[in-house]
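Asks: Residue numbers for the sequence shown follow my numbering, so the first one is 1 and each next one is one higher.
Ideal Cβ placement from N, Cα and C applies to all residues, glycine included.
Quick one: this structure, given as structure tokens, is what I'll be asking you about.
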Amino acid sequence: MSVPLSPEDLHIPCPVLGVCGFSGAGKTTLLERVLPELAKRGLRVAVVKHDAHGIQVDRPGKDSDRLFTAGADVLLQGPDEALLRTRREYGGDLAAALALLSPHHDLILVEGHKDSPCGKIWLRDRAGRPAPGTVRGVVDSYDFGGDRAARLLDFLAEWLPRQWRRPPVLGCVLIGGRSRRMGRPKHLLRRDGATWLERTVALLGAHCESVVISGAGEVPDAVGHCPRLPDAPALQGPLAGLLACLRWAPHASWLVCACDLPELSRPALAWLLEQRRPGAWAVLPRRHADAPAEPLFALYDFRARPLLEAQAARGNMAPRAIAAHGKVLTPVVPPALAAAWRNVNTPADNVET
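Spelled out as structure tokens, the structure:
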């Protein structure tokens with residue numbers, strides 16, 4: 001027997017949990033009780049359901065059914081909903097289906113698929129038959145009251161934050177602006193004996209698994225070990241650098257810093273990382289309550305990529321625009337840390353040492 005794979009082995013960054021049990025265990029009933037509460041908590045949840053008897057999703061004679069019967073895969077769209085009916089085989093290990101759902105959801109629940117390679121909540125039946133594969137917990141199937149749903153919600157409240165932090169955090173320094181008002185590249189300005197770029201790389205390195213430099217321009221030998229990413233083609237401004245990073249490591253979270261933040265600090269970076277939580281696809285802080293969101297010293301979950309890609313497709317090159325999305329947090333920075341978000345644009349703004 002092969003060893004079951006985990007979502008980590010399948011490179012699925014989204015938390016995945018099976019809700020499994022033998023027929024009649026009440027899997028759908030349990031999910032029906034739990035899903036509204038998860039939605040209230042701001043979580044976008046997908047359910048992958050296995051039906052051994054086949055799937056009927058349309059009425060015979062409807063246009064979409066006629067097109068499917070004629071041989072096409074059909075995407076049916078309506079107000080605030082869509083349905084893809086396809087003959088594509090996703091395979092028993094669910095890897096392709098999970099990869100398709102992962103960038104758009106906070107949690108994937110797999111109903112059924114008791115042999116699937118993911119951790120499971122097992123709904124025990126009256127006979128107490130054992131669960132195959134990896135089991136995270138057991139819920140008695142014959143208790144159909146509120147306690148069973150509460151137990152699953154309690155489990156998710158403890159398990160989901162840990163799973164959310166499983167993807168690595170990488171650091172990105174954005175360079176390459178024209179710096180017309182400054183008169184020379186900002187990332188090469190010096191303070192306290194080092195260039196701003198060197199200092200930013202060092203600070204990010206204390207909080208991230210690795211640091212990359214995104215954009216064009218000369219860099220000091222001291223940071224020559226950092227991977228260099230060219231801007232995403234056909235894009236402009238900081239969005240080109242952001243998407244270069246998110247495309248390069250699509251399963252990572254990113255701490256992104258512009259190169260012109262001379263007051264960047266470890267406490268500010270630590271505070272920003274503390275905002276990482278289930279349901280937050282990006283964190284664009286504000287220096288005070290009336291200030292706009294700051295996209296160039298911000299935290300981007302891998303789920304932020306579709307938001308930014310959609311913006312780029314519309315020709316909007318301002319990363320700040322995603323701050324209006326319901327999955328993006330815009331918390332106010334503690335006053336003691338706010339200076340870390342102050343950028344400089346002219347020689348008068350900076351005292352070089």
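Taking only runs that begin and end inside the segment 288 to 343, name each unbroken beta strand (DSSP E) of 3 or more residues, in chain order.
Replies: Correct list: 297 to 300.
Asks: Out of W122, G42, G61, E37, which one is the CA nearest neighbour of R25?
Replies: Position check: residue 25 holds Ala in this sequence, whereas Arg was assumed. Of W122, G42, G61, E37, the residue nearest in Cα terms is W122.
Asks: G119: buried (16+ other C-beta within 10 angstroms of its C-beta) or exposed?
Replies: When all chains shown are included, G119 counts as buried.
Asks: Please classify G71 as buried or exposed, where buried requires at least 16 other C-beta atoms within 10 Å of its C-beta.
Replies: Per the 10 Å Cβ criterion, exposed.
Asks: Return the first residue and the last residue of the alpha helix (DSSP H) that C245 is part of.
Replies: First-last of the alpha helix (DSSP H) with C245: 237 to 248.
Asks: In three-state DSSP terms, what is A222?
Replies: A222 falls in the helix class under three-state DSSP.
Asks: If you drop the 5 nearest sequence neighbours on each side, which residues of the same chain put their C-beta closer than 8 angstroms to that of R266?
Replies: The answer, listed in chain order, is L203, A206, H207.
Asks: So the beta strand (DSSP E) W254 belongs to, where does it begin and stop?
Replies: 253 to 258 is the span of the beta strand (DSSP E), which, as asked, contains W254.
Asks: Would you list the one or two residues that DSSP bridges to A282?
Replies: Per DSSP, Y300, V328.
Asks: With DSSP as the reference, label T69 as helix, strand or coil.
Replies: The answer is helix: DSSP assigns T69 an H, G or I state.
Asks: Rounded to the nearest angstrom, how far is the Cβ of A99 from that of I175, given a contact under 8 angstroms?
Replies: The pair is not a contact, with the Cβ atoms about 32 angstroms apart (cut-off 8 angstroms).
Asks: Specify the secondary structure class of K49 as computed by DSSP and reduced to three states.
Replies: K49 falls in the strand class under three-state DSSP.
Asks: Could you tell me the distance, in whole angstroms, from the CA atom of P238 to the CA atom of W341?
Replies: Their Cα atoms are separated by approximately 16 angstroms.
Asks: Evaluate A336 with the Cβ neighbour count: other Cβ atoms within 10 Å of its Cβ, from every protein chain shown; 16 or more gives buried, anything less gives exposed.
Replies: So A336 counts as exposed.
Asks: Mapping the DSSP letters down to three states, classify E81 as helix, strand or coil.
Replies: Note: E81 maps to strand in three-state DSSP.
Asks: For R277 and V332, which I take to be in contact (beta-carbon distance under 8 angstroms), what is that distance rounded to the nearest angstrom?
Replies: Not really, about 16 angstroms apart at Cβ, beyond 8 angstroms.
Asks: Assuming E111 is part of the beta strand (DSSP E), what are its boundary residues?
Replies: Taken as a continuous stretch (DSSP letters only), the beta strand (DSSP E) holding E111 covers 107 to 111.
Asks: Report the three-state DSSP secondary structure of G205 (helix, strand or coil).
Replies: Correct three-state label for G205: helix.
Asks: Can you say whether V211 is buried or exposed, counting buried as having 16 or more other CB atoms within 10 angstroms of its CB?
Replies: With 16 or more Cβ atoms within 10 Å of its Cβ, V211 is classed as buried.
Asks: When you compare only the Cα positions, how much space is there between D231 and L307?
Replies: Distance between the alpha carbons of D231 and L307: 18 angstroms.
Asks: Pull up the CB-CB distance for V173 and T200, whole angstroms please, since I reckon it's below 8 angstroms.
Replies: About 5 angstroms separates the two Cβ atoms, so the contact holds.
Asks: Quick one: what's got a C-beta closer than 8 angstroms to L101's C-beta in the same chain, skipping five residues either side?
Replies: Once the five neighbours on either side are set aside, the close Cβ partners of L101 are C14, A46, V48, I108.
Asks: Closest to F155 by C-alpha separation, out of G279, E309, P319, L38, would be which residue?
Replies: Selected option, being the one with the closest Cα: L38.
Asks: Bridge partners of C172, per DSSP?
Replies: V212, V256, per the DSSP bridge assignment.
Asks: Using three-state DSSP, classify L189 as helix, strand or coil.
Replies: Correct three-state label for L189: coil.
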